[in-house]
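Every position in the sequence shown, counted from 1, becomes a number in our numbering once 20 is added. Following: one structure in structure tokens, then a few remarks.
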Amino acid sequence: MVVPQSLLRVAAPRLGARAIRASAAVPFRPWLQLGRAAATVSSSSKVVASADEAVADIQDGSTICVGGFGLCGIPENLLAALQRKGVQGLTAVSNNAGVDDFGLGRLLQSKQVKRMIASYVGENKLFEAQYLGGELEVELTPQGTLAERLRAGGAGIPAFFTRTAYGTIIHKGGNVIKYGPGGAKGGQVEIASEPRESREFDGRGYVMERAIVGDFSIVKAWKADERGNLVWRGTARNFNPDCARAGRICIAEVEEVVPVGALSPEEIHLPGIYVHRVLQGPSYEKRIEKRTVSAGTGEIKVDKRRELIIRRAAQELTDGMYVNLGIGMPTLVSNYTAAGVRIELQSENGLLGIGPYPTEDRVDPDLINAGKETITTIPGSSMFSSSDSFAMIRGSKVDVTILGAMEVAANGDLANWIIPGKMVKGMGGAMDLVSSDSRVLIVMEHLAKGDKHKLKQACDLPLTGQRVVDMCITDLGVFEFHKHKAEARPTLLEIAPGVTLDAVKAATGFEFEVADPLKTMLA
Numbered sequence: 021m022v023v024p025q026s027l028l029r030v031a032a033p034r035l036g037a038r039a040i041r042a043s044a045a046v047p048f049r050p051w052l053q054l055g056r057a058a059a060t061v062s063s064s065s066k067v068v069a070s071a072d073e074a075v076a077d078i079q080d081g082s083t084i085c086v087g088g089f090g091l092c093g094i095p096e097n098l099l100a101a102l103q104r105k106g107v108q109g110l111t112a113v114s115n116n117a118g119v120d121d122f123g124l125g126r127l128l129q130s131k132q133v134k135r136m137i138a139s140y141v142g143e144n145k146l147f148e149a150q151y152l153g154g155e156l157e158v159e160l161t162p163q164g165t166l167a168e169r170l171r172a173g174g175a176g177i178p179a180f181f182t183r184t185a186y187g188t189i190i191h192k193g194g195n196v197i198k199y200g201p202g203g204a205k206g207g208q209v210e211i212a213s214e215p216r217e218s219r220e221f222d223g224r225g226y227v228m229e230r231a232i233v234g235d236f237s238i239v240k241a242w243k244a245d246e247r248g249n250l251v252w253r254g255t256a257r258n259f260n261p262d263c264a265r266a267g268r269i270c271i272a273e274v275e276e277v278v279p280v281g282a283l284s285p286e287e288i289h290l291p292g293i294y295v296h297r298v299l300q301g302p303s304y305e306k307r308i309e310k311r312t313v314s315a316g317t318g319e320i321k322v323d324k325r326r327e328l329i330i331r332r333a334a335q336e337l338t339d340g341m342y343v344n345l346g347i348g349m350p351t352l353v354s355n356y357t358a359a360g361v362r363i364e365l366q367s368e369n370g371l372l373g374i375g376p377y378p379t380e381d382r383v384d385p386d387l388i389n390a391g392k393e394t395i396t397t398i399p400g401s402s403m404f405s406s407s408d409s410f411a412m413i414r415g416s417k418v419d420v421t422i423l424g425a426m427e428v429a430a431n432g433d434l435a436n437w438i439i440p441g442k443m444v445k446g447m448g449g450a451m452d453l454v455s456s457d458s459r460v461l462i463v464m465e466h467l468a469k470g471d472k473h474k475l476k477q478a479c480d481l482p483l484t485g486q487r488v489v490d491m492c493i494t495d496l497g498v499f500e501f502h503k504h505k506a507e508a509r510p511t512l513l514e515i516a517p518g519v520t521l522d523a524v525k526a527a528t529g530f531e532f533e534v535a536d537p538l539k540t541m542l543a
């Protein structure tokens, strides 16, 4: 994401420059004084000598909870050891599966994974191909629900209710987990998802989700002491603490192991009670999925139709808002906010206060946004786990969510995550975002390829959410949706310069009201 030049002047220094320095001198460290006596009571080290030793008891058919987001914060040494070990029939629980040849993608490559429980397929072509080919079971789960299922598993909570996915195929069942012989092209479904139990609370529908408890957790942190207390840096925290808690046995690999007492109690992100083994990784590639740097000119190259959409969407943002931007076109909206309007961008992978893209010398693999792009932070930013991130989202602390779409229905239904049998990206955090009480803005081109309608009377594709869209901004106009009024038709509030009302009607698959007066976009 590119951020306005005004933010470049206040961007925070590179994360590494302010990283916690465990060895820094401090006037008084009481935990050290007490720790010397306590160490004589319990001094056993959890440090193991090698990755192969760490994973030695992971057997065929195990369920493993794997930390990381994209390639950020993944336990690359432990995953490599699992590939060498050759265990088969694994169920892997992770937000996504890395890329084709790195991260969890390595275990897919060697066909050691039987089932993936994930929220996002993303750009992993191997993941998608194995699923559509009927080789891999895939249980797609909303990202916030996945984080909470892991957190609940670690907290001994067997199930919980959430508004996320209510009314969708995740709730009603029937989503394909595994295709039969011939894959998606063969048309046979071998395993489909079961309907979720649902209930109403205060007049609103909720879905029951079961907690996840893994046989093993394999996670990656920045530092650990010999007792297993963990510290993360940047957005490499993401799913790691939630996965760590959810495993019956947790194996953590770290960049540095320090003596007991070297870490201040206040800086520990995960207590060692959750961690059973610690490995100091011999080396780290820390591959970056989307290395994105600032051009330094402040100029943003975007075609005129999309620029119209983005500029109009930016007018919906006011000073002080907390905003979540989806991947693609939505990421550009923050560059066009009005002078004096300061917003704070929230990223699902655990960051509040996204800054500009970094210059080349400030690229940090431990600092990415939800689109896997390298970023910086602004002063006052904060970092947290994935479950904390989605607590903000489900708790409606985010004011506005801006997303793209494949289809939008007249009643405000949204579809933007899958074309069954053809294209599988996964819902990521979209289902969680639209199920909250945040305002939902959709930005998209009015027509799909072949001039097919994207604004339709009813969505044909599986839904992301029922009656969730508040406004849709396209290259032809701006529509307001009355999602809480059952019979109300959408209203065309504004029309694009040079576009006729008849042209909008022809390009729209539902009837709509027309505002009086009908304004021109950006006029």
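Glycine included, each C-beta is placed from N, C-alpha and C at the ideal position. The structure presented is a predicted model; accordingly, all values stated were derived computationally and were not measured.
{"Asked": "Glu286 classed as buried or exposed, judged by whether at least 16 other C-beta atoms fall within 10 angstroms", "Found": "exposed"}
{"Asked": "Host alpha helix (DSSP H) of Ile330 (start-end)", "Found": "Lys324 to Ala334"}
{"Asked": "Spatial distance of Ile413 from Leu453 (CA atoms)", "Found": "6 Å"}
{"Asked": "Exposure of Arg332, with buried meaning 16 or more beta-carbon neighbours within 10 Å", "Found": "buried"}
{"Asked": "Three or more C-beta pairs below 8 Å linking the stretch 421-434 and the stretch 483-497", "Found": "yes"}
{"Asked": "Pick from Thr338, Glu155 and Thr511 that is closest to Gly497, judged by C-alpha positions", "Found": "Thr511"}
{"Asked": "Proximity of Ile137 and Val113 at Cβ, strictly below 9 Å", "Found": "yes"}
{"Asked": "Rounded straight-line distance, which links the Cα of Asn260 to that of Ala44", "Found": "The predicted model places Ala44 with a pLDDT of 44, which falls under 50 and marks its position as unreliable; any figure quoted below should be read in that light. About 26 Å."}
{"Asked": "Cutoff 8 Å; reference Pro206; Cβ partners in own chain excluding five residues on either side", "Found": "According to the sequence as given, residue 206 is Gly; it is not Pro. Cβ within range, chain order: Gly154, Tyr199 and Gly200."}
{"Asked": "Selected residue, minimal CA-CA separation from Pro537, among Ile515, Thr528, Ala101 and Lys525", "Found": "Ile515"}
{"Asked": "Among Ile189, Gly223 and Asp222, nearest to Glu214 - alpha-carbon criterion", "Found": "Ile189"}
{"Asked": "Contacting residues, own chain, Cβ-Cβ under 8 Å from Asn211 (five flanking each side not counted)", "Found": "Note that residue 211 is Ile in the sequence shown here, rather than Asn. Around Ile211: Glu157, Val196, Ile197 and Lys198."}
{"Asked": "Which of helix, strand or coil DSSP assigns to Ala58", "Found": "Low confidence applies to Ala58: its pLDDT is 45, below 50, so where it sits in the model is not reliable, and the reading given next is rough at best. Of the three classes helix, strand and coil, the one that applies to Ala58 here is helix, per DSSP."}
{"Asked": "Per-residue burial, Arg41 [other beta carbons within 10 Å of its own, 16 or more giving buried]", "Found": "In this prediction, Arg41 scores a pLDDT of 40, lower than 50, which makes its location untrustworthy; no coordinate-derived value is stated."}
{"Asked": "Exposure label - Phe404; buried when at least 16 CB within 10 Å", "Found": "buried"}
{"Asked": "Reference Gly346; option with closest CA among Gly254, Pro291, Ser401 and Glu393", "Found": "Glu393"}
{"Asked": "Exposure label - Ala527; buried when at least 16 CB within 10 Å", "Found": "buried"}
{"Asked": "Proximity of Lys476 and Ala430 at Cβ, strictly below 9 Å", "Found": "yes"}
{"Asked": "Alpha-carbon spacing of Glu305 relative to Val534, whole angstroms", "Found": "56 Å"}
{"Asked": "Counted within 10 angstroms of its Cβ, other Cβ atoms place Lys474 as buried (16 or more) or exposed", "Found": "buried"}
{"Asked": "Cβ shell of Lys145 (< 8 Å), same chain only, five flanking positions each side left out", "Found": "Asp120"}
{"Asked": "Uninterrupted beta strand (DSSP E) stretches inside the stretch 284-314 (no shorter than 3 residues)", "Found": "297-300"}
{"Asked": "Within-9 Å CB hit, Lys66 to chain B", "Found": "The structure shown has no chain B; it contains just one protein chain."}
{"Asked": "Alpha-carbon to alpha-carbon, Leu98 and Ile238", "Found": "7 Å"}
{"Asked": "For Tyr140, the first and last residue of its enclosing alpha helix (DSSP H)", "Found": "Tyr140 -> no alpha helix (DSSP H), and no H or E assigned at all."}
{"Asked": "Contact under 9 Å by Cβ, Ala71 with Gly301", "Found": "yes"}
{"Asked": "Among Arg297, Ile293 and Ala264, nearest to Val277 - alpha-carbon criterion", "Found": "Arg297"}
{"Asked": "Identity of the residues DSSP links to Tyr342 by a beta bridge", "Found": "Glu364"}
{"Asked": "Pair within 9 Å by beta-carbon distance, Ile493 and Met464", "Found": "yes"}
{"Asked": "Per DSSP, the bridge partner or partners of Ile197", "Found": "None; Ile197 has no bridge partner."}
{"Asked": "From Leu170, Glu148, Gly194 and Arg219, residue whose alpha carbon lies closest to that of Arg183", "Found": "Arg219"}
{"Asked": "Unbroken alpha helix (DSSP H) run spanning Gly174, endpoints", "Found": "Gln163 to Ala175"}
{"Asked": "Beta-carbon contacts of Leu102 that lie in its chain and below 6 Å, excluding the five residues immediately before and after", "Found": "Val75"}
{"Asked": "Of the residues His191, Met447 and Arg230, the one placed nearest Ala172, counting alpha carbons only", "Found": "Arg230"}
{"Asked": "Asp536 Cβ short of 8 Å to the ligand PLP heavy atom set", "Found": "As far as ligands go, the structure on display features none, and thus does not contain the ligand PLP."}
{"Asked": "Coarse secondary structure for Glu465, derived from DSSP in three states", "Found": "coil"}
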